[in-house]
Every structure is written in structure tokens, then in C-alpha cells.
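Notes follow the structure.
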Amino acid sequence: MLQKVVRSAIIDAPIARVWEVLRDFNSHDQWHDVVDRSRIEHGEPSSRVGCVRSFTLKDGNRIREQLLGLSDSEWKSTYCILEATVPLHRYVATVTLKPVTDGDRTFWHWESSFEAPPGREAELRQMVAEGVYEAGFANLRRFLSLGHPPLVIPAQAGTQGLPAREVRLSRYGGPQELEAVPCTAASPGQGEVRICQLAIGINFLDVYLRRGWIPGMLPLPGVLGMEAAGTIIDVGPGVAGLLPGDPVAYLCPEPGAYRSIRTLAARHVVRLPQQVDAETAAALLLKGITADYLLRDLGRIRPGTRLLVHAAAGGVGSLLCAWAARLRATVVGTVSSEAKARIAREQGCAHVIVAPDGKFADTVQALCGGADVIVDGLGAAAVDENFAAAARRCHWISLGQASGPLPPLDPDRLLHKSMSFSRPVVFDYVATPGELQERADRVWRALEAGVLPAPRIERFALAAARDAHAKLESRASTGSLLLVP
Amino acid sequence: MVRVYVSSVIDADAAAVWQRIRDFNALPQWHPGIADSRIENGEPADKVGCVRNFHTRDGGRIRERLLALSDFDYSCSYAILESPMGVENYTATLKLTPVTDGGRTFAEWSAEFDCEPRREQELSDQIGGNVFQGGFSALKRHFGSRR
Chain A
13 MLQKVVRSAI IDAPIARVWE VLRDFNSHDQ WHDVVDRSRI EHGEPSSRVG
63 CVRSFTLKDG NRIREQLLGL SDSEWKSTYC ILEATVPLHR YVATVTLKPV
113 TDGDRTFWHW ESSFEAPPGR EAELRQMVAE GVYEAGFANL RRFLSLGHPP
163 LVIPAQAGTQ GLPAREVRLS RYGGPQELEA VPCTAASPGQ GEVRICQLAI
213 GINFLDVYLR RGWIPGMLPL PGVLGMEAAG TIIDVGPGVA GLLPGDPVAY
263 LCPEPGAYRS IRTLAARHVV RLPQQVDAET AAALLLKGIT ADYLLRDLGR
313 IRPGTRLLVH AAAGGVGSLL CAWAARLRAT VVGTVSSEAK ARIAREQGCA
363 HVIVAPDGKF ADTVQALCGG ADVIVDGLGA AAVDENFAAA ARRCHWISLG
413 QASGPLPPLD PDRLLHKSMS FSRPVVFDYV ATPGELQERA DRVWRALEAG
463 VLPAPRIERF ALAAARDAHA KLESRASTGS LLLVP
Chain B
775 MVRVYVSSVI DADAAAVWQR IRDFNALPQW HPGIADSRIE NGEPADKVGC
825 VRNFHTRDGG RIRERLLALS DFDYSCSYAI LESPMGVENY TATLKLTPVT
875 DGGRTFAEWS AEFDCEPRRE QELSDQIGGN VFQGGFSALK RHFGSRR
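For the record, the sequence lines run as chains A and B. Be aware that the first sequence starts at 13, since it is given in the numbering used here, and climbs by one per residue. Be aware that the second sequence starts at 775, since it is given in the numbering used here, and climbs by one per residue.
Shown next as C-alpha cells:
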């Protein structure tokens with residue numbers, strides 16, 4: 013006789029929030045008290061149909077369950093037990109969520125059918141209904157309320173603009189052109205969120221924009237900055253999965269992050285996991301994602317790949333060295349001073365070349381016979397040396413131009429060693445919200461696992477943006493510079 | 775095809791809410807927007823295929839055919855035969871689901887229809903707001919709040 017259990021509840025949270033947790037087939041050890049440890053077998057994504065979660069309960073029982081179906085349009089997930097130390101046979105369960113449209117709450121329906129050994133039907137029905145489903149409702153409610161530290165939302169939030177401060181650039185030029193002035197942060201429109209920013213990342217791209225090297229990207233007067241982290245103040249219509257109070261970070265192809273409060277498209281925003289604070293996120297998001305696509309997509313780093321990283325102690329450089337070393341690449345870094353060499357070595361550089369004169373090619377050839385992949389943030393000054401340091405079939409990735417704009421490159425020069433050349437922009441590697449989320453997740457996981465070092469952070473007040481830029485350009489900085497509004 | 779979906783939570787058992795809305799001829803008893811209603815040809819109000827003929831409080835006349843009625847699922851589906859609204863192929867379903875946690879009811883009311891493209895928003899707002907949400911709000915007032 014097939015046993016059937018149905019339980020349902022109303023959760024006081026929008027459906028996007030509840031679904032975000034439940035669609036992750038491996039999230040239950042975070043929110044359900046009866047689950048002790050859970051992992052997805054074979055390292056598959058935890059929302060891929062067919063994946064298996066293997067978990068232990070706090071009472072010692074062990075269960076393997078397979079995801080049979082997942083629908084983001086119907087907010088529905090179905091799974092079955094493959095193997096268990098509890099006698100639930102042919103157990104199939106379905107979780108369905110529906111929106112409560114007149115209160116922004118969620119209806120959660122959880123039902124299952126199974127066979128039980130004769131005489132134990134009532135006991136097992138009760139265990140599933142109360143121990144798993146009803147306890148799950150209560151546990152998820154608590155999890156959702158814990159996950160969102162209360163935020164002091166400015167009283168005027170809603171339809172009005174909020175008073176804020178921004179760093180304005182009225183004329184292209186040196187750091188002295190940066191000036192902090194009052195401004196208004198507009199209320200979020202369709203698909204937008206308004207963020208109270210706690211930390212703003214500074215990148216070399218900001219310097220290029222300030223100098224007027226890419227005027228099409230920053231018309232004047234303009235506001236610099238491509239990334240920041242903070243807390244959501246309010247969300248506009250049509251925004252799913254983000255709520256006031258959420259800790260978030262973003263990476264945005266339109267500059268404008270040097271502000272205390274910013275309104276921008278929600279598609280550039282990711283929610284932060286609990287273990288990542290705003291300063292770490294602002295220091296790491298753009299640089300970490302850059303390291304991710306350079307190593308994974310462009311450099312295709314494998315064990316033994318000979319990787320040459322310039323500015324190996326810098327923001328992106330140190331992340332590249334650490335991550336590539338973990339991938340068992342042979343990492344050669346160039347730096348401008350002995351102090352930076354020490355940092356680069358700590359991050360996993362097998363060989364560090366101190367090259368204040370810009371000469372490194374002979375040493376690279378002597379050390380490892382040339383580089384398979386070069387990540388070059390130096391630009392103009394290093395062109396000839398890069399050609400000389402390359403191994404056959406080397407892929408030269410031009411990431412920046414700290415020493416000046418890269419001169420036109422004659423494609424015939426690549427013939428000599430069958431080289432390839434690319435000039436990537438990070439925003440093309442996070443063009444969809446899904447891609448951004450996936451890369452951000454990989455960065456947070458690498459941080460948590462200790463693969464990426466916790467960023468070394470130098471803080472500047474928003475009004476001191478010019479000092480931060482001067483520091484970055486002087487090449488005296490190591491690690492990540494932040495503006496703290 | 776335009777789709778409208780409205781849902782709500784009512785602080786009463788699903789059986790009690792169903793008792794109030796099950797009768798296909800009972801709209802004037804529970805929905806504030808309906809003035810009067812009768813079932814055509816003297817048929818029983820729970821016979822699938824019967825037609826209710828009613829007036830809204832603003833004077834419009836509407837005829838609707840009962841397409842399905844399930845006391846097991848607490849659900850009822852119907853189609854508009856005639857109305858002044860300018861909708862085509864209009865079908866709707868009203869469904870209740872018990873919320874086991876707290877003994878409440880999750881109520882859903884959805885519709886699909888065709889209309890002139892420029893009137894989609896206006897009709898969605900009117901049907902979702904005045905008709906469906908208006909009905910749910912009246913049920914919530916009737917059964918009161920336990921919280």
C-alpha cells in the first residue's frame with residue numbers, strides 16, 4: 013500500500029527568495045536542522061537534473077537522493093531516494109512553490125509517496141510529515157530571517173531620490189581632477205536596484221578612464237568605478253531574487269561606482285554568501301572574475317603550463333599566481349622590487365624575476381624554456397620582451413597598459429612562433445546574469461577553500477579618491493585599493 | 775493569449791471557504807462586484823455545462839458556462855459566453871488548497887483570454903484587481919483574521 017504525505021505552509025518571503033534556496037539541491041544541510049552533512053556526488057552542479065546528493069542525518073542515518081526534475085518557471089522540484097538506511101521504499105517527493113500575490117509571500121507545498129514495511133506505516137508517515145516537512149518549514153523560516161541582517165534603510169526610501177555623495181570627473185587628467193560632491197541617487201526603475209555602498213573597488217581601468225584614454229566609455233562630467241559592494245536599499249519593478257537588506261556586490265560595464273549610493277541594473281548584481289563581507293567582495297569580485305576567465309577560458313591552464321604573469325604582486329597578478337599554482341601551472345612572475353618579489357613568492361610564484369629595467373625575456377627562457385601563456389598588464393614597454401619570452405604557440409593576453417598604450421601590433425610578428433594574441437574585457441565574460449553568478453560563485457569558493465588569498469586591502473575615504481589613484485599609479489601599492497564611503 | 779494570476783491566503787479551513795464559493799449561482803452572496811445571478815433553464819448550479827446569467831453592480835450582463843467542478847480538488851472552471859468586456863476565449867479557474875500549517879487556505883484564481891493588444895493591460899488589471907482580488911478580499915473580510 014503506497015503511503016502519501018502532504019504538508020504545506022505559507023512562508024513570509026517572496027517566492028524568488030524561497031526558491032533560490034530550495035532549487036539548490038544541496039542547500040539542505042545549511043537550513044534543515046535534521047541534515048548533518050551533504051554533498052553532490054561527482055562534483056556536479058547542485059541544480060542539474062540527475063545529480064545525486066549524499067547526506068547524513070544528525071541521527072546517523074545516511075541517504076542518497078536523486079534530483080528527477082527542476083522547473084524554474086513552475087518553481088517545482090522532484091526527487092527520489094536511491095538508497096537509505098531508513099526503510100522508505102520507492103520514495104518520490106515534490107516541492108512546489110506558488111506566489112501569494114496579495115502579500116508577496118510564498119505558498120510551499122511538499123508531498124511524497126512511498127512504501128513502508130508492514131506495521132511501520134504510521135510511524136514513517138509521521139517521521140516524514142513532522143520530522144522532515146514541518147520541521148523543514150520552521151527551519152527555512154529561521155534560515156531566511158537569519159540570512160538577512162537587519163538594515164537601517166533611509167526613511168525616505170521608496171519613490172524619491174536619496175541624498176548621496178559621488179566622486180566627479182569634470183576634466184580628463186591626473187588624480188587631482190577627482191572631486192567629491194553631493195548628488196542624488198534616483199529611486200530604482202524597472203529592473204533596477206538601489207544600493208547603499210560600503211566598499212568600492214579601484215581598478216587600473218579607472219585610471220585609464222580618468223586619463224581620457226577611452227572617452228567613449230566615460231563622457232564628461234562622469235563618475236568612475238566599475239565595482240562595489242553594499243546592501244540593497246530598495247528594488248524596482250521586475251527585479252527577482254534581490255530584496256532590501258540583501259548583502260550584494262556588482263560588476264558593471266557602465267562606470268559610476270564611486271558613489272555612496274548607486275542605482276543600477278539588477279542584472280549586474282550578485283548576492284553575497286554569508287562568509288564574504290562587503291570589503292572582501294569589492295576588493296575581489298572584478299579581479300577574481302578576471303583571474304577566473306584568464307585561467308579557465310583564455311589561458312586554459314593545465315598542470316605544467318608555463319605561465320608568465322607581469323605585476324605578479326598586484327591585484328590581479330597575485331590572484332593569478334595563487335590560482336594557477338593550485339592548478340599546478342609553472343608560474344613565473346615579474347615584479348619591480350624585492351618587496352614585491354616576496355609577496356609574489358608567497359602567492360605561489362615558482363620563479364620571480366625582479367625587473368625594474370623591464371628586461372625579463374632571457375631569464376624566462378633560461379628558467380623554463382619560454383612561456384606558454386603570458387598575462388600582460390604592462391603594455392607598451394614590454395612588447396619586445398614578451399615576444400622574446402614566448403615559447404612556441406604562446407598565447408599572449410594583453411590585459412592592461414600600465415606603461416602606456418600598446419602600439420599597433422604587426423600580425424606577422426605572431427608568425428615567428430605561431431603565437432596568438434588576445435585583448436579581453438572582463439564584461440564580455442559576465443555578459444549574462446547566469447555567467448556572472450557562476451564566475452562569482454567560483455571566486456567565493458576559491459576564497460573559502462584558501463586557493464585565493466584573502467585580499468590585502470588598503471582603504472581610502474570616498475573624498476580621498478585622488479590619493480588612492482596617486483597610490484595606484486605610483487606602483488607603490490600591492491593588493492587591492494578600496495574607497496569606503 | 776493573456777494570462778492573469780491572483781492568489782491569497784484566507785484564515786479558514788479550505789472546506790469552509792469551499793462551502794461559501796462552491797455554488798456557481800452564489801456570486802452575489804460573496805462577491806461585492808455582483809448584483810444578481812440566476813442559472814438558465816432551471817438547471818442545478820453544480821451541473822457541469824450549466825450557464826449562470828448575472829449582472830455586475832455597474833450594470834454589465836455576463837453569461838458564463840461551468841466547465842468543471844471538483845469537490846475533491848476544491849476547484850471550479852468556467853468560460854465566458856457573453857460579456858461587455860471585449861474578451862475572447864476566456865476561461866478561468868478558481869481553486870483552493872489547504873495549508874496544513876495553521877489550517878488556512880491558499881486560494882488561486884487564474885484566467886486566460888484573447889483581446890485587442892492595446893487593451894491587454896487594462897483588462898488584466900481589471901480582471902486581476904477588481905474581479906479576482908476583489909473576491910479574495912471579500913472572503914478574507916468574511917472569514918476574518920486569526921493573526
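All C-beta atoms, glycine included, are put in the ideal place defined by N, C-alpha and C.
Residue i to residue j span [Cα, whole Å]
i        : j        : result
A:Pro130 : A:Leu100 : 12 Å
B:Ser781 : A:Leu109 : 12 Å
A:Pro445 : B:Gln803 : 49 Å
A:Val179 : A:Arg478 : 9 Å
B:Phe917 : B:Gly909 : 12 Å
A:Leu82  : A:Gln15  : 23 Å
A:Val247 : B:Val778 : 23 Å
A:Arg312 : A:Phe433 : 14 Å
A:Ile386 : A:Glu350 : 21 Å
A:Ala403 : A:Ser182 : 45 Å
A:Leu498 : A:Arg454 : Outside the shown range of chain A, which is 13 to 497, sits residue 498 of chain A, and nothing can be said about it.
A:Glu204 : A:Phe149 : 31 Å
A:Arg338 : A:Lys429 : 28 Å
A:Gly55  : A:Ser39  : 14 Å
A:Arg102 : A:Tyr91  : 11 Å
Distance CB(residue i)-CB(residue j) smaller than 9 Å
i        : j        : result
A:Leu174 : A:Thr196 : yes
A:Val219 : A:Glu460 : no
B:Phe880 : A:Ser20  : yes
A:Asp48  : A:Thr68  : yes
A:Gly370 : A:Ala336 : no
A:Val235 : A:Val260 : no
A:His481 : A:Leu390 : no
B:Leu840 : B:Ser851 : yes
A:His407 : A:Leu474 : no
A:Gly253 : A:Arg222 : no
A:Val107 : A:Ser89  : yes
A:Val496 : A:Arg471 : yes
A:Glu291 : A:Ile52  : no
B:Glu882 : B:Val776 : no
A:Gly416 : A:Ala401 : no
A:Leu411 : A:Asp440 : no
Limits of the beta strand (DSSP E) - the one that residue i falls within
i        : result
B:Phe828 : 825 to 830
B:Tyr782 : Sequence inspection shows Ser at residue 782 of chain B; the Tyr mentioned does not correspond to that position. Here the beta strand (DSSP E) through B:Ser782 covers 776 to 784.
A:Phe126 : 117 to 127
B:Asp810 : 808 to 813
Residues near residue i in its chain [Cβ-Cβ closer than 6 Å; skip 5 each side]
i        : result
B:Asp797 : Ala819
A:Ala240 : Gln209, Ile212, Ala269, Ala294
B:Arg878 : Val783, Asp785
A:Pro166 : Bear in mind that the predicted position of A:Pro166 carries a pLDDT of just 47, short of 50, making it unreliable; the figure below should be weighed with that in mind. Result list for A:Pro166: Leu174, in chain order.
B:Val791 : Ile784, Leu870, Thr879
Start and end residues, alpha helix (DSSP H) containing residue i
i        : result
A:Asn398 : 395 to 401
A:Ser330 : 327 to 338
A:Tyr91  : Premise fails: A:Tyr91 lies in the beta strand (DSSP E), 88 to 96, not in any alpha helix (DSSP H).
A:Gly300 : 290 to 305
A:Asp24  : Per DSSP, A:Asp24 belongs to no alpha helix (DSSP H) and is neither H nor E.
A:Pro445 : 445 to 460
Sequence-distant residues of the same chain with beta carbon closer than 8 Å to residue i, five excluded per side
i        : result
A:Gly316 : Arg340, Ala341, Thr342
A:Ala334 : Gln359, Gly360, Val463, Leu464, Pro465
A:Phe155 : Val33, Gln42, Trp43
A:Gln168 : Below a pLDDT of 50, predicted positions are generally treated as unreliable, and A:Gln168, at 46, falls in that range; no measurement from the model is reported.
A:Val61  : Leu79, Leu80, Gly81, Leu82
A:Ile207 : Ala240, Gly242, Thr243, Ile244, Ile245, Val260, Tyr262, Ile273, Arg274, Thr275, Leu276, Val281
Cut-off 7 Å between Cβ atoms - residues of its own chain near residue i, not counting five sequence neighbours on either side
i        : result
B:His829 : Ala809, Asp810, Arg835
B:Ala854 : Going by the sequence as given, residue 854 of chain B is Ile instead of Ala. For B:Ile854, where only same-chain residues beyond five positions count, the Cβ hits under 7 Å are Ile836, Glu838, Val861, Tyr864.
A:Arg425 : Phe399
A:Leu379 : Val344, His363
A:Arg308 : none
#### Entry: Interface positions of the segment 107 to 128 of chain A facing chain B (Cβ-Cβ less than 8 Å), listed along the chain
From the segment 107 to 128 of chain A, only Lys110, Pro111, Val112, Thr113, Asp114, Gly115, Arg117, Phe119, His121 have a Cβ closer than 8 Å to chain B.
### Message
So if I threshold CB-CB distances at 7 Å, which residues from the segment 902 to 917 of chain B count as touching chain A?
### Response
Taking 7 Å as the Cβ-Cβ cut-off against chain A, the residues of the segment 902 to 917 of chain B that qualify are Gln907, Phe910.
### Message
Tell me which residues of the segment 135 to 159 of chain A have at least one Cβ-Cβ distance to chain B shorter than 8 Å, keeping chain order.
### Response
Cβ contacts with chain B come from Glu146, Phe149.
### Query
Quick one, which residues of the segment 818 to 843 of chain B are near chain A if we go by CB-CB under 8 Å, in chain order?
If you check each beta-carbon in the segment 818 to 843 of chain B against every beta-carbon of chain A, none falls closer than 8 Å.
### Chain-ordered residues of the segment 775 to 795 of chain B with a beta carbon less than 9 Å from chain A
Against chain A - using a Cβ distance shorter than 9 Å - the residues of the segment 775 to 795 of chain B are Tyr779, Val780, Ser781, Ser782, Val783.
### Task
Scan the segment 15 to 38 of chain A for residues whose Cβ lies nearer than 8 Å to a Cβ of chain B and list them as they occur along the chain.
Shown in chain order are the members of the segment 15 to 38 of chain A whose Cβ falls below 8 Å from a Cβ of chain B: Val18, Arg19, Ser20, Ala21, Ile22.
#### Entry: Proximal residues, the segment 866 to 887 of chain B versus chain A, C-beta separation under 8 Å
Answer set for the segment 866 to 887 of chain B: Thr871, Pro872, Val873, Thr874, Asp875, Gly876, Arg878, Phe880, Glu882.
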